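Going by numbering that gives the first Met the number 0, the first residue of the sequence shown is number 0, and it counts up by one from there.
Input: a single structure, listed below in structure tokens.
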Amino acid sequence: MMLLKNAHVVDYISDTDSKLDILIKNGRIAAVSDKIMALGAEEIDCRGLVAFPGIFDMHVHARDPGQTDKEDLLSCAKAAAAGGVTGFVCMPNTVPVIDNEKTLKYINTKAKAAKVKVYPACAITEGQMGAVICDFKLLKDSGAVAATDDGKPVKSARIMGEAMIKASDEQLPLISHCEDMDIASGGLINAGLVSIELDIYGSHRSSENIITGREIDLARDLHVPVHIAHVSTAESVAKIRAAKQAGIQVTCETAPHYFALTEDLLYAKDADYRMNPPLRLGRDVDAIIEGIADGTIDCIATDHAPHTPAEKADFHTAPNGVIGLETSLAACLTFLYHTEKVSLKDLVRLMCVNPRKILGMKGGSFKPGELADITLFEPNTEWEVTPKKFKSKARNSCFKGMKLKGRVRYTIVDGDIVYEI
Ligand code: DOR
Ligand code: ZN
Numbered sequence: 000m001m002l003l004k005n006a007h008v009v010d011y012i013s014d015t016d017s018k019l020d021i022l023i024k025n026g027r028i029a030a031v032s033d034k035i036m037a038l039g040a041e042e043i044d045c046r047g048l049v050a051f052p053g054i055f056d057m058h059v060h061a062r063d064p065g066q067t068d069k070e071d072l073l074s075c076a077k078a079a080a081a082g083g084v085t086g087f088v089c090m091p092n093t094v095p096v097i098d099n100e101k102t103l104k105y106i107n108t109k110a111k112a113a114k115v116k117v118y119p120a121c122a123i124t125e126g127q128m129g130a131v132i133c134d135f136k137l138l139k140d141s142g143a144v145a146a147t148d149d150g151k152p153v154k155s156a157r158i159m160g161e162a163m164i165k166a167s168d169e170q171l172p173l174i175s176h177c178e179d180m181d182i183a184s185g186g187l188i189n190a191g192l193v194s195i196e197l198d199i200y201g202s203h204r205s206s207e208n209i210i211t212g213r214e215i216d217l218a219r220d221l222h223v224p225v226h227i228a229h230v231s232t233a234e235s236v237a238k239i240r241a242a243k244q245a246g247i248q249v250t251c252e253t254a255p256h257y258f259a260l261t262e263d264l265l266y267a268k269d270a271d272y273r274m275n276p277p278l279r280l281g282r283d284v285d286a287i288i289e290g291i292a293d294g295t296i297d298c299i300a301t302d303h304a305p306h307t308p309a310e311k312a313d314f315h316t317a318p319n320g321v322i323g324l325e326t327s328l329a330a331c332l333t334f335l336y337h338t339e340k341v342s343l344k345d346l347v348r349l350m351c352v353n354p355r356k357i358l359g360m361k362g363g364s365f366k367p368g369e370l371a372d373i374t375l376f377e378p379n380t381e382w383e384v385t386p387k388k389f390k391s392k393a394r395n396s397c398f399k400g401m402k403l404k405g406r407v408r409y410t411i412v413d414g415d416i417v418y419e420i
């Protein structure tokens, strides 16, 4: 039994935003109210701490199996716990690709030892090759919670449409990485002023926008849902907003770097600022924030994409991707909450409620009976992002050296403290 005393409890679902005590029994929320007395309970003084109902990150590359020099399920789960993330979905672009029962079994077995909850996504097409659609029923029965070829798009609209129907039949959420590979054509950064000035081959924003539009059209014509990963452009936000208004079943996520950073950082020619989609312009940042504030963007996920320092050493040949699990809450607080664009309650909607809702999972509230997945943090404490202190194996943070405001103090999963400072 554990009693969290005097926490600033923020719950979107029950519309709560006040100082309360939280009683945890047998791994579940037993009560949330004023001045709870519980003899024999382990008490935690939560004065000054905000309590969220467990941050859930629906887009994480854990690199396991096959690329465990970058990260593995257990190091990734430690990084998640340190970031206040109580559960995450791991992406299938591993080696081998998560497109079979055996790999799902490997992940689910290893994940039992992880500090936080790990849910694998399977590929949309075998080997993520874009040709043969995976057996979604089999993979869902083996534990996959979503299907995605993330890392690349499904090139053929016909195959994507078929996959959307099959996934919908199995009630398996389908996540699209929106990129037209012909247009992107190996571009390293956003095509624009910076790419021209630095004489670096750029990937045009229409590469994202065209496929976002394609997925929306497919969802409309086929009457099936689709989730758009890592939205980064103003045009994508506008298309998704219009689609939602038209009743099309589209949901989407963005990542902290898309509302906090712009392509100017690329002047440093440091591959830690390179990810796909790339950092865009100030007007994109504004549009992303507007989309977050008005509900067009459903959730915030990190796209945590670990790579080794050796791989990231050369700007031109480094793989795309940045880590994010240990900075996501602080970045959200710094660039959304402290700037008064988004309330704490709406952050709960974006980080705790909607990711679970999109995946058809329980949780994301402090309702008695829910599993006690809780993130406790100091909202105003400033700290400097120092990648060498990360629990992640990787160091490729695009927030490195920056001061962020908001520090995780405790991460609780099923009533157990899995991280504390
Ligand atoms: O930057 C990225 N890194 N974007 C992706 O789509 C894939 C990811 C990775 O796996 O490294
Ligand atoms: Zn990704």
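The beta-carbon is built from N, C-alpha and C at its ideal position, and this holds for glycine as well.
Predicted, not measured: the structure shown is a model, and the values here were computed from it.
Spatial distance of residue i from residue j (CA atoms)
| i | j | result |
| --- | --- | --- |
| V225 | E234 | 18 Å |
| L358 | E196 | 42 Å |
| A79 | V96 | 22 Å |
| A29 | I21 | 8 Å |
| A393 | M0 | 36 Å |
| C45 | G323 | 26 Å |
| G400 | T67 | 26 Å |
| A245 | S231 | 22 Å |
| L346 | Y200 | 36 Å |
| V115 | E41 | 21 Å |
| P378 | L265 | 30 Å |
| E178 | K151 | 7 Å |
| F314 | D181 | 22 Å |
| F398 | T326 | 8 Å |
| E125 | Y272 | 31 Å |
| I247 | K34 | 45 Å |
| D198 | I287 | 27 Å |
| D16 | G186 | 45 Å |
| S32 | A50 | 13 Å |
| R204 | K238 | 14 Å |
Residue i burial status per 10 Å Cβ neighbour count (16 or more: buried)
| i | result |
| --- | --- |
| A312 | exposed |
| T385 | exposed |
| G405 | buried |
| K18 | exposed |
| L192 | exposed |
| H58 | buried |
| A130 | exposed |
| K77 | buried |
| T338 | exposed |
| Y418 | buried |
| L403 | buried |
| N422 | There is no way to answer for residue 422, as the model of the chain reaches only from 0 to 420. |
Opening and closing residue of the beta strand (DSSP E) in which residue i lies
| i | result |
| --- | --- |
| A50 | V49 to F51 |
| M1 | M1 to D10 |
| R282 | Not the beta strand (DSSP E): R282 falls in the alpha helix (DSSP H), residues G281 to A292. |
| L278 | No beta strand (DSSP E) contains L278, which DSSP labels as neither H nor E. |
| S175 | L173 to S175 |
| F87 | V84 to C89 |
| K116 | K116 to P119 |
Assigned secondary structure, residue i (DSSP; H/G/I helix, E/B strand, else coil)
| i | result |
| --- | --- |
| D216 | helix |
| S231 | coil |
| I210 | helix |
| D415 | strand |
| A300 | coil |
| K193 | Correcting the residue identity first, residue 193 is Val in this sequence and not Lys. Here V193 sits in helix by DSSP. |
| P64 | coil |
| A143 | coil |
| I420 | coil |
| H226 | strand |
| I123 | coil |
| I239 | helix |
Residue i: first and last residue of the uninterrupted alpha helix (DSSP H) it sits in
| i | result |
| --- | --- |
| N107 | E100 to K109 |
| R406 | Premise fails: R406 lies in the beta strand (DSSP E), K402 to V412, not in any alpha helix (DSSP H). |
| R157 | A156 to D168 |
| K311 | P308 to K311 |
| C251 | Segment V249 to T253 is the beta strand (DSSP E) holding C251; no alpha helix (DSSP H) there. |
| L72 | L72 to A81 |
| I182 | M180 to A183 |
For this session: Note down, one range per segment and in chain order, each beta strand (DSSP E) of at least 3 residues found wholly within the stretch 326-396.
Result: 373-383
task: Report the residue ranges of all beta strand (DSSP E) runs contained in full by the stretch 13-62; include only those spanning at least 3 residues, in chain order.
output: 15-24, 27-32, 41-44, 49-51 and 54-59
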